[in-house]
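S.K.:
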Amino acid sequence: MNATFDTIVVGAGSAGCVAANRLSADPSRRVLVVEAGPAGPVPAALRSLDFRAAVREPAWHWPDLTARRTRDQPRRFLLQGRGLGGTSAVNGLIAMRPMVEDLDEWAAAGCPGWGYKNLLPAFTRLETDLDFGRDAHHGDDGPVPVRRTRPAAWGALDLALASWAGDRGLPRVEDHNAPDTTGLAPYAFNAWSDTRVSAADAFLAPVLDRPNLTVLTGTVCRRLVVRGGRVTGVECDGPTGVVTAAEVVVAAGVLGSPALLLRSGLGPADHLTSVGVPVRADLPGVGRNLQDHAALTLPVRLTGDAPAPSRPTNCCVRLDAGLPGSRPNELMVNALNEVEPGLGAVVLALFRPESTGRVELAGPDRGLLVDLDFLSTDADLARMRAGAALLAEIAGHPALTAVGQPIGAAALRARLGDPAALDAWLRARCHEAWHLVGTCRMGSPADPGAVVGPDCRVHGVAGLRVVDASVVPRTPRSNTHLVAMAVAEHALEDVL
Numbered sequence: 001m002n003a004t005f006d007t008i009v010v011g012a013g014s015a016g017c018v019a020a021n022r023l024s025a026d027p028s029r030r031v032l033v034v035e036a037g038p039a040g041p042v043p044a045a046l047r048s049l050d051f052r053a054a055v056r057e058p059a060w061h062w063p064d065l066t067a068r069r070t071r072d073q074p075r076r077f078l079l080q081g082r083g084l085g086g087t088s089a090v091n092g093l094i095a096m097r098p099m100v101e102d103l104d105e106w107a108a109a110g111c112p113g114w115g116y117k118n119l120l121p122a123f124t125r126l127e128t129d130l131d132f133g134r135d136a137h138h139g140d141d142g143p144v145p146v147r148r149t150r151p152a153a154w155g156a157l158d159l160a161l162a163s164w165a166g167d168r169g170l171p172r173v174e175d176h177n178a179p180d181t182t183g184l185a186p187y188a189f190n191a192w193s194d195t196r197v198s199a200a201d202a203f204l205a206p207v208l209d210r211p212n213l214t215v216l217t218g219t220v221c222r223r224l225v226v227r228g229g230r231v232t233g234v235e236c237d238g239p240t241g242v243v244t245a246a247e248v249v250v251a252a253g254v255l256g257s258p259a260l261l262l263r264s265g266l267g268p269a270d271h272l273t274s275v276g277v278p279v280r281a282d283l284p285g286v287g288r289n290l291q292d293h294a295a296l297t298l299p300v301r302l303t304g305d306a307p308a309p310s311r312p313t314n315c316c317v318r319l320d321a322g323l324p325g326s327r328p329n330e331l332m333v334n335a336l337n338e339v340e341p342g343l344g345a346v347v348l349a350l351f352r353p354e355s356t357g358r359v360e361l362a363g364p365d366r367g368l369l370v371d372l373d374f375l376s377t378d379a380d381l382a383r384m385r386a387g388a389a390l391l392a393e394i395a396g397h398p399a400l401t402a403v404g405q406p407i408g409a410a411a412l413r414a415r416l417g418d419p420a421a422l423d424a425w426l427r428a429r430c431h432e433a434w435h436l437v438g439t440c441r442m443g444s445p446a447d448p449g450a451v452v453g454p455d456c457r458v459h460g461v462a463g464l465r466v467v468d469a470s471v472v473p474r475t476p477r478s479n480t481h482l483v484a485m486a487v488a489e490h491a492l493e494d495v496l
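No gaps in the numbering here: position 11 of the sequence shown is 11 in UniProt numbering, and each next residue is one more.
(1) Hey, quick one: how far does the beta strand (DSSP E) through Cys111 stretch, first residue to last?
(2) Taking buried to mean at least 16 other C-beta atoms within 10 Å of its own C-beta, is Asn2 buried or exposed?
(3) What's the call for Ser28, buried or exposed, on a 16-neighbour Cβ count within 10 Å?
(4) Flag this pair as touching only if the segment 324 to 343 and the segment 139 to 157 have three or more C-beta atom pairs under 8 Å; answer yes or no.
(5) So, helix, strand or coil for Cys430, using DSSP?
(6) Please classify Asp201 as buried or exposed, where buried requires at least 16 other C-beta atoms within 10 Å of its C-beta.
(7) Between which residues of its own chain and Thr480 is the CB-CB distance below 8 Å, once the five residues before and five after are set aside?
(8) Which same chain residues, not among the five before or five after Leu323, have their C-beta less than 7 Å away from its C-beta?
(9) So, are the CB atoms of Val31 and Phe51 less than 8 Å apart?
(10) Give the single residue among Gly449, Gly443, Gly463 whose Cα lies nearest to the Cα of Ala109.
(11) By Cβ distance, which residues of its chain are closer than 7 Å to Ser264, with the 5 residues on each side in sequence left out?
(12) On a Cα-Cα basis, can you pick out the residue from Arg465, Trp114, Cys430 that is closest to Pro74?
(13) Based on the DSSP output, what are the partners of Thr244 in its beta bridges?
(14) Should Pro239 be labelled buried (16 or more other beta-carbon atoms within 10 Å of its own) or exposed?
(15) For His137 and Lys117, what's the separation of their Cα atoms in angstroms?
(16) In chain order, what residues of the same chain lie with their CB nearer than 8 Å to the CB of Thr7, ignoring the 5 residues before and after it?
(17) By the DSSP assignment, the alpha helix (DSSP H) with Ala345 in it spans what residues?
(18) From the DSSP output, read off the bridge partner residues of Thr128.
(19) Let me know if Gly463 comes out buried or exposed under the rule of 16 or more other beta-carbons within 10 Å of its beta-carbon.
(20) State the CB to CB distance for the pair Gly16 and Ala294, rounded to an integer number of angstroms; the pair is presumed to be in contact (CB under 8 Å).
(21) Give the straight-line distance between the Cα atoms of Leu213 and Glu489, rounded to the nearest whole angstrom.
(22) If we count the other Cβ atoms within 10 Å of its Cβ and call it buried at 16 or more, is Phe77 buried or exposed?
(23) Return the first residue and the last residue of the beta strand (DSSP E) that Glu360 is part of.
(24) For the beta strand (DSSP E) holding Glu340, just list the boundary residues, first then last.
(25) Drop a sphere of 10 angstroms on the beta-carbon of residue 579, count the other beta-carbons inside from all chains shown, and report buried for 16 or more, exposed for fewer.
(26) Identify the continuous alpha helix (DSSP H) that holds Phe189 and give its terminal residues.
(27) Could you round the C-beta distance between Ser408 and Pro278 to whole angstroms and report it? I think they count as a contact, below 8 Å.
(28) Can you give me the C-alpha to C-alpha distance between Met10 and Trp62, rounded to a whole angstrom?
(29) Using DSSP with H/G/I as helix, E/B as strand and the rest coil, what is Leu46?
(30) Taking just the CA atoms, how far does Leu126 sit from Val197?
(31) Please determine, among Arg147, Pro341, Pro112, the residue with the shortest C-alpha to C-alpha distance to Cys315.
(32) In this structure, what does DSSP give as the bridge partners for Leu255?
(33) Is His61 helix, strand or coil by DSSP?
(34) So for Val220, helix, strand or coil by DSSP?
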């Protein structure tokens with residue numbers, strides 16, 4: 001490709017679409033966006049509020065991506081979105097913000113300027129909250145619509161979960177994105193009345209006619225061009241070849257961003273040497289600190305008279321594990337009203353894990369080795385044991401047994417009194433929540449594990465920023481779609 005650009009954005013997912021929009025708002029800045037996946041046409045399944053259909057669109061997923069969840073599980077397929085919008089085009093549409101404490105912890109951990117008060121303007125600029133847009137902590141004129149389903153349209157398992165929460169004495173709130181809330185709440189999700197709004201719909205589609213913005217789809221960015229400690233462009237597969245720019249902004253996702261840095265020789269020197277990649281900068285934190293919310297699923301065989309849901313899931317319950325040192329909202333429970341005809345589920349996730357995994361290269365031009373390493377700390381196991389007991393409690397609640405028969409509840413209850421057997425059961429069955437963060441962690445230059453500083457510029461490498469959820473230091477007690485967009489929005493405030 002002969003053209004030269006001021007800025008190249010690698011990745012057009014949740015963060016990349018925000019970056020493309022904000023950077024190209026300056027008509028004098030020539031911006032190129034490089035996306036590996038397709039541009040369209042977008043299949044009807046990706047427009048639906050029923051995210052079950054979106055996961056059956058393989059053209060919009062990264063192929064051959066696998067991960068090991070725990071040390072006791074084999075590697076198996078890991079779903080990550082690929083195409084304009086990235087995972088925001090195939091996820092569960094949940095629009096949940098972190099807790100105030102989560103963001104203030106980022107600031108206290110060497111990321112000044114990333115506390116709740118700093119990030120709140122980014123979150124409000126993103127949204128048009130159709131229910132609470134006039135509240136001080138919400139927005140009413142952003143590109144992402146946020147709405148909730150009223151209880152009258154909830155499904156049978158939503159209502160059963162709500163009944164359990166009420167009988168347990170948990171609070172009921174209308175807006176889980178209000179500061180410091182807990183208990184039962186309707187899920188906020190990013191959609192108009194019946195249509196998903198991906199990051200591409202919200203941020204990229206409205207500006208595609210800008211003459212200074214070029215979007216290349218179906219184009220894999222193989223590596224960054226690094227010369228003399230400065231990134232000068234990208235090397236892409238196919239006829240695109242090498243493209244030069246004054247700055248490269250990486251937003252390839254929590255797996256794709258560290259993978260790109262590693263292939264470019266930016267990462268732990270020992271790992272790069274072991275896979276035959278020349279070391280350009282020894283950055284020990286690249287690919288480390290991988291975090292997600294470990295989850296357990298209890299299937300429920302539904303009775304024939306269960307009411308049909310408006311969406312697969314409409315509410316959630318957030319609570320603590322009731323253990324010494326427990327923190328608010330460290331556990332979250334939601335219902336899946338229909339996984340397939342006649343079958344639903346209750347899902348419990350650990351929303352404040354300590355376990356971390358890693359992303360590594362299998363070779364210089366081969367795939368990734370992704371290890372989530374769930375439940376690898378005693379604290380995580382203790383909280384997941386408490387979560388398993390809650391699942392057993394929910395499974396026996398009259399409101400749930402009135403609409404379905406839990407599958408495997410007896411086997412779970414039999415293990416609750418045997419910690420060793422329960423731990424083995426948990427390690428064999430826990431799975432991801434698709435809330436990945438952390439693999440290019442933000443922090444001080446004095447922190448050997450930090451990859452970027454609070455300005456999201458890579459330590460020791462000029463002309464390179466990372467602006468997606470990979471920079472998040474610790475996973476928040478929330479889903480991470482809004483987080484990824486807010487990171488890019490806040491990181492690029494200097495260009496707004």
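Don't be surprised by glycine CBs; every beta carbon is placed ideally from N, CA and C.
M.R.: In short, the structure shows the following:
(1) Taken as a continuous stretch (DSSP letters only), Cys111 belongs to no beta strand (DSSP E), as it is neither H nor E.
(2) exposed
(3) exposed
(4) yes
(5) coil
(6) Answer is buried; the Cβ neighbour count reaches 16.
(7) His435, Leu436, Val437, Ala469, Val472
(8) Ala382, Arg383, Ala386
(9) no
(10) Nearest option by C-alpha distance: Gly443.
(11) Arg223, Leu224, Val226, Arg280
(12) Closest by alpha carbon: Cys430.
(13) Thr4, Gly233
(14) With fewer than 16 Cβ atoms within 10 Å of its Cβ, Pro239 is classed as exposed.
(15) 10 Å
(16) Leu23, Arg29, Arg30, Val31, Leu32, Ala245, Ala246, Glu247, Val248, Val249
(17) Where Ala345 is concerned, there is no enclosing alpha helix (DSSP H), although the beta strand (DSSP E) it sits in stretches over 343 to 350.
(18) Asp140, Pro145
(19) Gly463 should be labelled buried.
(20) The pair is not a contact, with the Cβ atoms about 27 Å apart (cut-off 8 Å).
(21) Leu213 and Glu489: Cα-Cα distance of roughly 18 Å.
(22) With fewer than 16 other beta carbons inside 10 angstroms of its own, Phe77 counts as exposed.
(23) 358 to 361
(24) First-last of the beta strand (DSSP E) with Glu340: 331 to 340.
(25) Examination of residue 579 is not possible in this model, given that the chain is present from 1 through 496 alone.
(26) No alpha helix (DSSP H) contains Phe189, which is instead part of the beta strand (DSSP E) from 188 to 190.
(27) Reading off the sequence, residue 408 comes out as Gly, not Ser. 50 Å between Cβ atoms; not a contact.
(28) First, the residue type needs correcting, since residue 10 is Val and not Met in the sequence shown. Approximately 15 Å between the Cα atoms of the pair.
(29) Here Leu46 sits in helix by DSSP.
(30) 12 Å
(31) Arg147
(32) DSSP lists no bridge partner for Leu255.
(33) strand
(34) Val220: coil per DSSP, three-state reduction.
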